[in-house]
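Here is the structure we will look at, set down as C-alpha cells.
Protein chains: 2
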Amino acid sequence: MLARPHDVSEAVWQQALSATPGQLRQLIRDGSFKAPTSGLCPGYAQANLIVLPRQQAYDFLLFAQRNPKPCPLLEVTDAGSRLTSICADGADVARDFPSYRVYRHGQLVDEVPSVDHLWQDDFVSFIIGCSFSFESELVEAGIEMRHNTQGRNVSMYLTNVPCVPAGSMSGNMVMSMRPIPQHQVVRAVQISGMIPQVHGAPLHIGDPAAIGVADLARPDFGDAVDVREGEVPVFWACGVTPQAVVMASKPPLAITHAPGCMLVTDTLNSSLKVQ
Amino acid sequence: MLARPHDVSEAVWQQALSATPGQLRQLIRDGSFKAPTSGLCPGYAQANLIVLPRQQAYDFLLFAQRNPKPCPLLEVTDAGSRLTSICADGADVARDFPSYRVYRHGQLVDEVPSVDHLWQDDFVSFIIGCSFSFESELVEAGIEMRHNTQGRNVSMYLTNVPCVPAGSMSGNMVMSMRPIPQHQVVRAVQISGMIPQVHGAPLHIGDPAAIGVADLARPDFGDAVDVREGEVPVFWACGVTPQAVVMASKPPLAITHAPGCMLVTDTLNSSLKVQ
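Line by line, the protein sequences are chains A and B. Under our numbering, the residue at position 244 of the first sequence is numbered 244, and the numbers go up by one with no gaps. Each number in our numbering corresponds to the 1-based position in the second sequence with 1000 added.
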C-alpha cells in the first residue's frame, strides 16, 4: 500500500494516484505536486536527469556508455531542446521534475522546483532510467517496497565502487537499497534483471560494508527505511550517480533532479525489457 | 562444420581454428589472415568498427545511443588512442581487423589491410558488437549457420528501415540474414535475445520485401547463401549500419572494417548477457 508523502495534500495525492503520466507531469509542472514519485503511474518508466552544457556533453555521453548500470540512457536531447521526444511526448525537462538541484563547480548551490529561469541554448539533457520503474513489477510479485509502505523516499548511498572514467568525468557509484526478505531475493534479481534500461539486476546483495556503506540508517540521499529481521539489504545501481560524478569532477554548471523526484515518462516498462 | 574461406591457406586456417583471440589478432596483424572471421574463436565476442575524427564523434555517439540495435557499443576509445582497453587487452584498432574500408565524403575510396598510415591524433574508434558473437551459441543449439558451412561471408542487406537520426548522422539499417529451419526460429530468437550487446533478438522474420529487400540472392554486403525449402530468412540488426550512415551522411572521413572482417575481442559472450 502506497503511503502519502507528508508534504502532499490529500486532494493532490488522490489526483496523483489516478493520473496518467501526462497528467502527473501537468500536476508537477503547475506546482501542485512536489514530492518523490516512487509508486506513481505503475507500469511506466521513471527517469533521472543530468543537464550539462554542450561543452561537457561528450564526456558525459561517453561516461554513460562506459557505465551503463548506473547510467542507462533513455533519451539524450538535441542541444538546446527542452522537450523530450523519445521517452515521453513533449515533457518539459526544465519543469516536469518535482524538484531540481543546481551544481556549480561541483557544489550544490540550489534546490528549486523549476529550472526554467536557468535554461541555456547549449544545454543537453540526459534522461536516465530509474529503478522506481521496476518497483511495480516487484510489488506485483508480492515483494514489499518498504519506502513506499513507509511513505518515504528510497535510501541511496554513495559507495566505494568506482565508475569507469571518461574524459573529465569520474566518481563513485551511488546505489539505492531495498530491504528484501530472504526468500524473495532471487525473484527480485530475476524480475529487475529483465529491464537493464532501468538499472537491471542488483549490483550487491547483503553486507553494506563490502561496498563501503558504513551505516544503513544514514543514507547519503533519500530517507532511511526499516530493515527487519530476516531481510537482506539489496543494492541497485542508481541514477543519482551523475550527482556524485558532478561533485567529484566539478564541471562549471550541472543541473540534476532532486533524488527521488523523477520524470514520469510515457514509456512502458514492458517496452524496455530485453530485446 | 566450418569451411575454409577460399582465400586462406590450409596452414593459416589450421592456426586460426585453434587460436586464442590474441593469437588470431596477431595472425591478422602480421598479414597472414585476411578473411571473414565468422566462426573463429567461438565464445568470444566479435566487433564492428567505425573510426571518426573527434569533430564527428559526438554525433555518432548520440546516434549509437539512439540506435542500440544496430550500434551496441562495446567500447569507445579515448580520442587518439589506437589501443582498446575494455573489450580486448591492447588490440590495435588500426591493424587488428583483417580488412578496412576508407570513406571520404560518403564515398568508398579504398579497401586496405591496415590503416596505420592514415591514423590521426583526433580519431575516436567505436567498437560495435557483432552477431557473429552469438553464432557459436546457435550452433551449440543445433542451428546451422549456412554461411559457415558454405565457407562464405554472411549475407547483409540495406533495408528500408530508418534509424533515428542524431545531428549530422542518419541512414537506413543494414541487417544480416541467416536462413533458419521453421522449427528452430523460436529458439534462435531466444538465444540471440539474451545478448543485446551483440544485436540481440532479430528485427524481422520472414518476407524480405517487408523490410525493403528485393532479392535475397543479391546482398548489398557479404555473399549470398542458399535458402532451402522449409527455411525462413531471419534478419538481425547489423554493425555495417554505420557504413550505410556514412554513405548517407557524408562525413569528410570515416574508416570502417570491411563487412565480415571483424575484430575478435577478449570479451566472452557470456559476460555480455543481460545483467
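We put the beta carbon where it would ideally sit given N, CA and C, even for glycine. None of the values given here were measured: they were computed from a predicted structure.
Assignment of beta-bridge partners to Ala1166 of chain B by DSSP yields B:Met1169.
At least one C-beta of chain A is nearer than 9 Å to the C-beta of Tyr1058 of chain B. When the five nearest sequence neighbours on each side are left out, the beta carbons in the same chain lying within less than 8 Å of the beta carbon of Pro68 of chain A are those of Pro196, in order along the chain. Using a Cβ-Cβ cut-off of 9 Å, Ala1201 of chain B counts as an interface residue toward chain A, since at least one Cβ of chain A sits closer than that to its own. A residue is called buried once 16 or more other Cβ atoms fall within 10 Å of its Cβ, and Asn1269 of chain B is buried on that count. Counted as a single uninterrupted DSSP element, the stretch harbouring Trp1119 of chain B is not any alpha helix (DSSP H), since DSSP gives it neither H nor E. Residue pairing from DSSP places Trp1236 of chain B in a beta bridge opposite B:Ser1176. The residue from A:Gly39, A:Met173, A:Asp215 and A:Arg95 with its alpha-carbon nearest to that of Asp30 of chain A is A:Arg95. Taking all protein chains in view, the Cβ of Pro252 of chain A is surrounded by fewer than 16 other Cβ atoms within 10 Å, so the residue is classified as exposed.
Looking only at A:Gln150, A:Met247, A:Gln55 and A:Gly142, the smallest Cα-Cα distance to His183 of chain A is reached by A:Gly142. Residue-level contact check: Ala64 of chain A touches chain B, since one or more beta carbons of chain B fall below 9 Å from its beta carbon. Against chain B, a Cβ distance below 9 Å from Val274 of chain A picks out Gly1193, Met1194, Pro1196, Gly1200, Ala1201 and Val1274. In this structure, the beta-carbon distance from Thr1256 of chain B to Ile1050 of chain B falls below 9 Å.
Within the segment 34-50 of chain A, no residue has its Cβ closer than 7 Å to any Cβ of chain B.
Counted as a single uninterrupted DSSP element, the alpha helix (DSSP H) harbouring Ser1249 of chain B occupies residues Thr1241 to Ser1249. At a C-beta separation below 8 Å, Val1076 of chain B has these neighbours in chain A: Leu62, Gln65 and Arg66. The beta strand (DSSP E) runs lying completely inside the segment 1180-1228 of chain B and spanning 3 residues or more number zero. Considering only beta carbons, the part of the segment 72-100 of chain A lying closer than 7 Å to chain B consists of Leu73 and Val76, in chain order.
Judged by DSSP in its simplified three-state form, Ala1079 of chain B adopts coil rather than helix or strand. Its chain contains Thr77, Gly90, Ala91, Asp92 and Val93 as the residues whose beta carbon lies nearer than 8 Å to that of Leu83 of chain A, once the 5 sequence neighbours on both sides are disregarded; these appear in chain order. When Cβ-Cβ separations below 9 Å define contact, Val1164 of chain B makes contact with chain A. Two segments are said to touch when three or more pairs of C-beta atoms, one from each, lie closer than 8 Å; by this definition the segment 1179-1193 of chain B touches the segment 1214-1230 of chain B.
Shown here for Ile86 of chain A: same chain residues with a beta carbon closer than 6 Å to its own, the five before and five after excluded, namely Glu75 in chain order. In this structure the segment 1152-1172 of chain B does not touch the segment 1103-1114 of chain B; the number of beta carbon pairs closer than 8 Å is below three. With a cutoff of 9 Å on beta-carbon distance, Phe60 of chain A and Leu263 of chain A are scored as not near each other.
Rounded to the nearest whole angstrom, the CA to CA distance from Cys1130 of chain B to His1199 of chain B is 7 Å. No Cβ of chain A is located within less than 9 Å of the beta carbon of Gly1106 of chain B.
The beta carbon of Val274 of chain A lies closer than 8 Å to those of Met194, Ile195 and Pro196 in the same chain, with the five residues before and after it left out. Counting only runs of at least 3 residues, the segment 1084-1161 of chain B fully encloses the following beta strand (DSSP E) elements, listed from N- to C-terminal order: 1100-1104, 1107-1112 and 1123-1129.
Look at Pro259 of chain A here: in three-state DSSP terms it is coil, with no helix or strand label. Note: Asn1067 of chain B is not bridge-paired with any residue in the DSSP secondary-structure output. Distance from Ala1258 of chain B to Glu1111 of chain B at the Cβ level is roughly 6 Å; contact confirmed, criterion being Cβ atoms closer than 8 Å.
When C-alpha distances from Ala188 of chain A are compared across A:Arg101, A:Ala64, A:His6 and A:Val139, the shortest belongs to A:Val139. Taking a beta-carbon distance threshold of 9 Å, Gly1129 of chain B does not count as an interface residue toward chain A.
Closest option to Asn1160 of chain B, judged by alpha-carbon separation, among B:Val1245, B:Gly1167 and B:Gln1190: B:Val1245. Residues of the same chain with a CB within less than 6 Å of the CB of Cys71 of chain A, apart from the 5 flanking positions on each side, are Ala64 and Ile128 in chain order.
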